[in-house]
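K.L.:
Encoded as structure tokens, here's the structure I'll be asking about.
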Amino acid sequence: MGRYTIAGVKPLTKIKVLHVVRPAAGGMKNHLINLIRYTDKNKFSVTVACPPGTSMWDELYDMGVDLIPIPLRGELSPTKDYLVVHTLVKYLHQSRTTILHTHSSKAALVGRVAGIIARTPVIIFTVHNSIFYEEWSRLKKKIYSTVEKILARFTDRIITVSEALKQELLVKEDLSPTRLTTIYNGIEVEKFTTQSDLNEIRQSFNIPESSMIIGTIARLAPQKGVSYLLKAASHLKEYNVTFLVVGDGPLRQELEQEVSERGLQNRVIFAGKRDNIPEILSILDIFVLPSVTEGLPLTILEAMAASKPVVATRVGGVPEAIVEGKTGLVVSPKDPEALAVALAGLLGERDRLNRMGQNGQKHASEKFTVNLMVEKTMDLYKQLLLEKKIKTQR
């Protein structure tokens, strides 16, 4: 059983870790759940502070994870944010938590304030996406950058899920490279290599047997750029291809209207939110992610694990995941014509599609496994504990 000691303090069983996260779906949720599921339970005792009544809360509850309910939301809310900080400070003091690990910019804001007040020994912030959102005003970006620079001084390590995010923080916040660590997202590759009844899945969407399928899996929000995929689809009407859009979000009605306006009603299927992602990936010929901004999207890794070629935009860590010309193609963001050209160039080359898919599965298995992600995170925990002279014993 793992134990640790601090000078003058009675040894305790296991290192206490508190994760703080805002409401999250998709990549961030899956990242945290996998991290918790495979954390070394012999050495670390894990608790999560997050909003109740969310899919993340429900999944963590079903896993038997200790949970702390907090009213954390995406936007600033002085009253609720104060309550969150108060709740976290009280818990950190009473539990004598050693590692505070925050996820996303809002959770990192309130979580690190609480950690500083409670004098938590180790404070970590994982950056999953760009924290300088494109739609923000210049003033808001400036304020946020200033706050981040201050909080970074009290943060033992900032984890970025891609080198691109790391470079963004180095440039925009002028941080020391020693304060930043890149740990790539990881997936359970074996989940996406299982065989499925392709005809049955096709029929569930009423997709003709003769049609090729180009699909995307994304939250229907501005940063995912699904509108650019629809624009590209309008350039590919002469091809026998069906476009499958999996996911939901605030732009769904607007995107459905765009499909109607472009005369794509018989070519685009909105499948809504789905849980059977491995089965859906199995019927695709090409996976597309036309994002405007990204960290390191799990959907690209999952598509590669499912042996699917990927066409995606050159944003965030996407070029770090895709080996250009070998596992997929990368195009400029907000350029539907370039996206259409890339897709058209692949549609008629079945051998090339198969070859890219095989290369992608090998690439995902070697570089983007959940075991590798968790191993590097555990190593970072241990490194920071040593730096703080908090000793783990076996």
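Once you know that position 16 of the sequence shown is 16 in the UniProt record's numbering, the rest is easy, because the numbers rise by one and skip nothing.
From the three backbone atoms N, C-alpha and C, an ideal C-beta is built for every residue, glycine too.
Predicted model only: the values in this text are computed from it and were never measured.
Measure the C-alpha to C-alpha separation of Arg219 and Ile187 and round it to an integer number of angstroms.
P.N.:
Distance between the alpha carbons of Arg219 and Ile187: 19 Å.
K.L.:
In the DSSP assignment, what are the bridge partners of Met212?
P.N.:
Answer is Val241.
K.L.:
Rounding to the nearest angstrom, what Cα-Cα distance links Asp285 and Gly360 in this structure?
P.N.:
The straight-line gap from Cα to Cα measures roughly 13 Å.
K.L.:
Could you give the distance in angstroms between the alpha-carbon of Ser369 and the alpha-carbon of Val189?
P.N.:
Looking at the sequence provided, one finds Thr at residue 369 rather than Ser. C-alpha separation (whole angstroms): 6 Å.
K.L.:
Tell me the residue span of the beta strand (DSSP E) that contains His128.
P.N.:
No beta strand (DSSP E) holds His128; DSSP gives it neither H nor E.
K.L.:
When DSSP builds the beta bridges, which residues end up paired with Pro333?
P.N.:
Paired residues: none, contrary to the question.
K.L.:
Which residues in the same chain as Pro333 place their Cβ atom closer than 6 Å to its Cβ, once the five residues preceding and following it in sequence are excluded?
P.N.:
Taken in chain order, the residues that qualify are Val292, Thr313, Val315.
K.L.:
Looking at C-beta atoms only, is the number of pairs between the region 266-273 and the region 318-336 that lie closer than 8 Å three or more?
P.N.:
No, the region 266-273 does not touch the region 318-336.
K.L.:
Look at Glu258 and Leu230 and say whether their C-beta atoms are less than 8 Å apart.
P.N.:
In this structure, Leu230 lies closer than 8 Å to Glu258 by Cβ.
K.L.:
Apply the 10 Å Cβ neighbour rule to Gly64 and answer buried if 16 or more other Cβ atoms are within range, or exposed otherwise.
P.N.:
Exposed, because fewer than 16 other Cβ atoms sit within 10 Å of the Cβ of Gly64.
K.L.:
Which full runs of the alpha helix (DSSP H) of 4+ residues lie inside the region 135-162, going along the chain?
P.N.:
Here the runs fully enclosed are 138-152.
K.L.:
What are the boundary residues of the alpha helix (DSSP H) that Asn25 is part of?
P.N.:
Before going on, a small fix: residue 25 reads as Ala here, not Asn. Where Ala25 is concerned, there is no enclosing alpha helix (DSSP H), given that its DSSP letter is neither H nor E.
K.L.:
How would you label Pro121, buried or exposed, when you count the other beta carbons within 10 angstroms and need 16 or more for buried?
P.N.:
Buried: at least 16 other Cβ atoms inside 10 Å.
K.L.:
Among Leu175, Glu163, Leu298, which residue has its Cα nearest to the Cα of Ser28?
P.N.:
For clarity, residue 28 is Met in the given sequence; the question names Ser instead. Of the candidates Leu175, Glu163, Leu298, the one whose C-alpha sits nearest the C-alpha of Met28 is Leu298.
K.L.:
Could you give the first and the last residue of the continuous alpha helix (DSSP H) run that contains Asp81?
P.N.:
It spans 78-95 - the alpha helix (DSSP H) in which Asp81 sits, taken as one unbroken run.
K.L.:
Ala49 bridges to which residues according to DSSP?
P.N.:
Answer is Val20, Ile68.
K.L.:
Quick one: which unbroken beta strand (DSSP E) runs of 3-plus residues sit fully inside the region 274-314? Chain order, please.
P.N.:
The region 274-314 contains these whole beta strand (DSSP E) runs: 286-289, 310-313.
K.L.:
Compare the Cα-Cα distances from Leu301 to each of Ala364, Glu294, Asp248, Gln265 and report the closest residue.
P.N.:
The residue with the shortest Cα to Cα distance from Leu301 is Ala364.
K.L.:
Pull up the CB-CB distance for Val48 and His19, whole angstroms please, since I reckon it's below 8 Å.
P.N.:
Yes, Val48 and His19 are in contact; Cβ-Cβ is about 5 Å, under 8 Å.
K.L.:
By how many angstroms is the C-alpha of Leu67 removed from the C-alpha of Gly215?
P.N.:
Gly215 and Leu67: Cα-Cα distance of roughly 36 Å.
K.L.:
Determine the closest residue to Pro51 out of Val311, Leu72, Glu337, with distance taken between C-alpha atoms.
P.N.:
The residue with the shortest Cα to Cα distance from Pro51 is Leu72.
K.L.:
Count the other CB atoms within 10 Å of the CB of Ser210; is the residue buried (16 or more) or exposed (fewer)?
P.N.:
Exposed, since its Cβ has fewer than 16 Cβ neighbours within 10 Å.
K.L.:
Tell me where the beta strand (DSSP E) around Ile99 begins and ends.
P.N.:
Looking at the DSSP string, the run of the beta strand (DSSP E) that includes Ile99 is 99-103.
K.L.:
Given Thr181, which residues of its chain have a CB within under 7 Å of its CB, disregarding the five upstream and five downstream residues?
P.N.:
Contacts found: Arg157, Ile159, Leu380.
K.L.:
Check the DSSP bridge columns for Phe368 and list the partner residues they point to.
P.N.:
Bridge partners of Phe368: none, in fact.
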